[in-house]
Each structure stands twice: as structure tokens, then as C-alpha cells.
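For the protein sequence lines, the chains are A and B, in the order given.
Letter by letter, the first sequence follows residues 404 to 517 in the numbering used here.
Letter by letter, the second sequence follows residues 586 to 704 in the numbering used here.
Ideal Cβ positions, reconstructed from N, Cα and C, are used throughout, including at glycine.
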Amino acid sequence: QQQVKQSPQSLIVQKGGIPIINCAYENTAFDYFPWYQQFPGKGPALLIAIRPDVSEKKEGRFTISFNKSAKQFSLHIMDSQPGDSATYFCAAYISNFGNEKLTFGTGTRLTIIP
Amino acid sequence: GAVVSQHPSWVICKSGTSVKIECRSLDFQATTMFWYRQFPKQSLMLMATSNEGSKATYEQGVEKDKFLINHASLTLSTLTVTSAHPEDSSFYICSAREGSGGLFPDTQYFGPGTRLTVL
């Protein structure tokens with residue numbers, strides 16, 4: 404059972420465009436939602452994260468939008484650059500002691516073309 | 586920033602042999618380390634969580650006798666794939682949580698991964 408659903412599977416955007424990656428979750432016990440960036444042959448790196456009491460968080464060119472009632476959250480990349488080409492994973496986390504575990508989405512392969 | 590290293594970065598072995606993968610936190614102490622498996626173009630699946638000095642906790646469906654995890658120190662965890670078979674070929678990624686970790690995993694850092702190919 405996939406607890407965190409991510410779409411699209413792949414995305415091609417022209418430089419300067421705004422790619423949007425969407426995720427949806429089912430378990431309302433999740434209370435932390437990070438996004439990770441992974442380059443080929445490397446491990447994921449934390450990009451930005453949000454807690455469900457906030458509807459939006461912005462860090463540089465990266466913005467997370469969060470809709471608690473719909474149980475959905477999305478990543479927007481402003482002024483996208485070829486260097487942003489990577490695989491992006493959303494994740495969800497439960498902070499209850501003894502149940503801490505990151506659950507990852509299926510990933511989105513993003514390509515920014517010049 | 587916090588760095589997690591893995592060794593080797595890639596390994597090819599014959600079916601039936603055992604392979605050990607090391608995960609080290611280079612500049613911080615990690616009470617908890619995690620091992621993930623990632624198939625091509627797929628998500629990371631948690632295999633097990635290990636706490637220093639205690640037995641690892643394996644996720645459902647992961648064979649503990651096949652994937653041996655040892656977390657002997659605050660900076661080193663090892664994953665041994667015993668009697669490896671071609672279906673064990675995958676990208677194995679470790680992750681280490683700094684110190685007590687805090688409430689959220691923003692201090693959980695990932696290694697660069699180890700690509701295992703079993704012939």
C-alpha cells in the first residue's frame with residue numbers, strides 16, 4: 404500500500420518555467436512533510452520541509468504548498484534552471500516516539516531544458 | 586554540513602557470496618541509522634532501523650537473516666547481504682540521524698549509496 408502518492412512520474416520544463424510536483428497522503432498521523440532532491444548515483448538531500456499547521460513555506464526558489472483538508476502538498480520551483488534537473492521525492496513522517504519513519508513517494512524525474 | 590559516507594560505492598559479486606557495506610557518519614555521532622533499498626527509478630524503501638548497541642528493527646518482509654545489520658559504534662553501521670542472489674541487486678542507501686535527532690528528521694542525513702550487482 405503506497406501511503407504517499409506522487410505525481411507526475413516525470414516532468415520536462417523549459418528553463419525559467421515553474422515545475423510543480425504533487426503529493427497526496429492518507430494517514431492523518433503524518434506531521435512533517437519533507438522534500439528531497441536526488442542526483443544520479445547520489446543519496447537524497449533534504450531540500451525543504453513543512454509542518455501541517457502551515458499552508459505555505461518558501462526557501463529561495465523552492466515553495467511548498469500544503470492543503471491539510473485535502474491531504475495534499477506540492478513543490479513549486481521558481482525560475483527553474485538546468486541544474487535543478489534531478490529526481491525529487493516527497494515524504495511524510497510521524498513524530499510519535501517509537502513510530503518514527505520516513506515514508507517516501509515514488510519520485511519525479513525532473514528535466515529542465517535550456 | 587553533516588556528511589555520511591558509504592563504502593564501497595559499487596560492488597559486483599558472484600551469486601552465493603556475502604557482501605558488506607559500511608556506513609559512516611563523518612563529523613557527527615549518530616545514535617540511529619537507517620538502511621534503505623532503492624530499485625531503478627523507484628522510491629526508497631526502508632529496510633531496517635538500527636540503534637547503536639542494540640539489535641536492528643526490520644521492516645515487514647525484510648529477511649533479517651539475509652540482511653545483517655550491525656551498529657557497533659556511534660559513527661559506523663554495516664549491512665551484510667548474505668548469500669547474495671541476482672534479485673538482491675539494488676542501490677542500498679544508509680542514513681544517519683545526528684545526536685538524539687530532535688522531533689523531526691531534518692537532522693537525518695543520507696549517504697551516497699552503494700550499487701550492488703550480483704551476477
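*For B/F652, which residues of its own chain have a beta-carbon under 8 Å away from its beta-carbon, when the five flanking residues on both sides are left out?*
W620, M632, A633, Y643, L664, T665, V666, T667
*Go through its chain and collect everything with a Cβ distance to A/A452's Cβ below 6 Å, but skip five positions before and after it.*
The residues are P437.
_Quick check on the DSSP output: the beta strand (DSSP E) that includes B/Y694 runs from which residue to which?_
693 to 695
_As assigned by DSSP and simplified to three states, the class of B/P671_ = helix
*Is DSSP giving A/P485 helix, strand or coil here?*
helix
*Going by beta carbon distance, what residues of the same chain come within less than 8 Å of B/V588, once the five residues before and after it are set aside?*
Listed in chain order, the non-local C-beta contacts of B/V588 below 8 Å within the same chain comprise S610, L611, D612, Y694, local neighbours out to five positions each way being set aside.
*When you compare only the Cα positions, how much space is there between A/Y491 and A/E462?*
16 Å
_Residues that DSSP places opposite A/R464 in a beta bridge_ = Partner(s): none; A/R464 has no beta bridge.
*asked:* Can you find the residues in the same chain that come closer than 8 Å, C-beta to C-beta, to B/D650, ignoring five residues on each side of it along the sequence?
replied: Excluding positions up to five away in sequence, the list reads T667.
*Proximity test, Cβ basis, 8 Å: A/T509 and chain B*: yes
_Positions along the region 606 to 622 of chain B whose CB lies within less than 7 Å of some CB in chain C_ = In summary, chain C is missing from the structure at hand, where the protein chains are A and B.
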